[in-house]
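Visitor: Be aware that the sequence shown starts at 1, since it is given in the numbering used here, and climbs by one per residue.
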Amino acid sequence: MTKWIELREKIRKIYGKHNRLILAVVKFILALFLFLLINHYVGYMEKLHHVYIAVALALICAMLPVNMTVLLAAVFTVVHLYALSMEVAVTALLIFLLMFFLYFRFSPKNGYEVVLMPITFVCRIPYAVPVANGLIGEPSSMISVIFGTILYYFLNGIHNNASLLKGVQGGESADNKFVVSLNQVLANKEMYLVILAFCLAVIVVYNIRRRAVEYAWSIAIGAGILTEFIVLCVGYLVLGISGRILWLVFGSILSTGIGFLIEFLCFNLDYSRTEKVQFEDDEYYYYVKAVPKVNLSSKEKQIKKISGKKNAKRSGERITKKQLAKELDIQEDMLD
1 MTKWIELREK IRKIYGKHNR LILAVVKFIL ALFLFLLINH YVGYMEKLHH
51 VYIAVALALI CAMLPVNMTV LLAAVFTVVH LYALSMEVAV TALLIFLLMF
101 FLYFRFSPKN GYEVVLMPIT FVCRIPYAVP VANGLIGEPS SMISVIFGTI
151 LYYFLNGIHN NASLLKGVQG GESADNKFVV SLNQVLANKE MYLVILAFCL
201 AVIVVYNIRR RAVEYAWSIA IGAGILTEFI VLCVGYLVLG ISGRILWLVF
251 GSILSTGIGF LIEFLCFNLD YSRTEKVQFE DDEYYYYVKA VPKVNLSSKE
301 KQIKKISGKK NAKRSGERIT KKQLAKELDI QEDMLD
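#1: To the nearest angstrom, report how far apart Ala58 and Glu9 are at their CA atoms.
#2: According to DSSP, what are the bridge partners of Tyr103?
#3: Within 7 angstroms (strictly less), CB to CB, does Ala128 reach chain D?
#4: Since I believe Phe178 is in contact with Ile119 (beta carbons under 8 angstroms), could you give me their beta-carbon distance rounded to a whole number of angstroms?
#5: Are three or more beta carbon pairs between the segment 126 to 144 and the segment 212 to 227 nearer than 8 angstroms?
#6: Classify Arg209: buried if its beta carbon has 16 or more other beta carbons within 10 angstroms, exposed otherwise.
#7: If you drop the 5 nearest sequence neighbours on each side, which residues of the same chain put their C-beta closer than 7 angstroms to that of Val145?
#8: From Lys27, Val78, Ala92 and Ala54, pick the residue whose C-alpha is nearest to that of Met68; which is it?
#9: Relative to the alpha-carbon of Phe101, which residue among Ala73, Phe147, Val66 and Leu81 has its alpha-carbon at the smallest distance?
#10: Quick one: residues in its chain with C-beta nearer than 6 angstroms to the C-beta of Lys313, no 5 flanking neighbours on either side, listed in chain order?
#11: According to the Cβ coordinates, are Thr91 and Leu182 closer than 7 angstroms?
#12: Thinking C-alpha only, which one of Arg273, Val185, Leu254 and Asp282 is nearest Tyr127?
#13: Ignore the nearest five residues each way along the sequence and tell me which others in Pro108's own chain have a CB closer than 8 angstroms to its CB.
#14: From the DSSP output, in three-state form, read off Lys47 for me.
#15: Check for me: the beta strand (DSSP E) holding Glu280 runs from which residue to which?
#16: Where Ile22 and Leu72 are concerned, what is the direct C-alpha to C-alpha distance, given to the nearest angstrom?
#17: State buried or exposed for Gly157, treating a residue as buried only when at least 16 other CB atoms are found within 10 Å of its CB.
Below is the structure:
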């Protein structure tokens, strides 16, 4: 266990020292995956359907706030859909405008969730994002989860119905294309089921992890995954798509592991050393339960070779306290 704690502390130190670079790399990777995913599902414009285009856009996104990744992804999608059909592109544009209006109004700080949802759907682990939001976010973050889910199902629906949209002809072709593209969102019962499960999971996890009970985060993770599993399992059976259940089991197991990893990195407490403190002032009595974090009690002692001392002996000079502190990598006042 000590080695894992040491690893966690090293990760925290590295992130604290190089957080800007790390965030830029993370944004680049997420943006690259998102643009490649868009190319895969709706890459109908040949001039944009190239890896180097996706890499170039991802590099731009790495230097900008994450919300710009969301905006560029929306524009990238609309341009691709225009090559398929102007009606489909207009439908997508209207959907995105409505989503962005609500997103920037209620949940502008949760752009990562919008980007992550389509990616995690492809990886079969979308259940981890609502749980993570409930652990380290606010209930309003479910709006970003909803929009990310809608984005995935819209792209997937257009991809699956591309031949139908291309083949629509006649005087009513425009109306038919609008209807087909809108139905990917408005008539998708599976999407509504998934959104319901994810919203419930965010609420359940958020409320449980805020409780003053032991292992609140662990209980919240289990309750959130179980909520998603029950709602989706029952819903899939009702909708007659029981083939999704196998992937649901697989994704739930992986998402549980991701949830506990987040707990270990962000909220690892030692409940065996819980203390209850009671004190008072002129107006109130206070009853406080203090739970210490899991940290290393003391650093391992290391034998360190002091080159300065050796060099000082050779030259006949006396090593100073400042040089000694520098060699030992400690504060100078500790040698007093």
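By construction, the Cβ of each residue, glycine as well, lies at the ideal position given by its N, Cα and C atoms.
In this text the structure is predicted, and so the values were computed from the model without any measurement.
Guide: In terms of the structure at hand:
#1: 30 angstroms
#2: DSSP lists no partner for Tyr103.
#3: No chain D appears in this structure, which consists of one protein chain only.
#4: Their Cβ separation, rounded to whole angstroms, is 28 angstroms, which puts Ile119 and Phe178 out of contact at 8 angstroms.
#5: yes
#6: buried
#7: Glu113, Met117, Val129, Pro130, Asn133, Phe198 and Val202
#8: Lys27
#9: Phe147
#10: Its pLDDT being 48, under 50, Lys313 is placed unreliably by the model, and nothing is read from it.
#11: yes
#12: Leu254
#13: Asn67
#14: coil
#15: Glu275 to Glu280
#16: 21 angstroms
#17: buried
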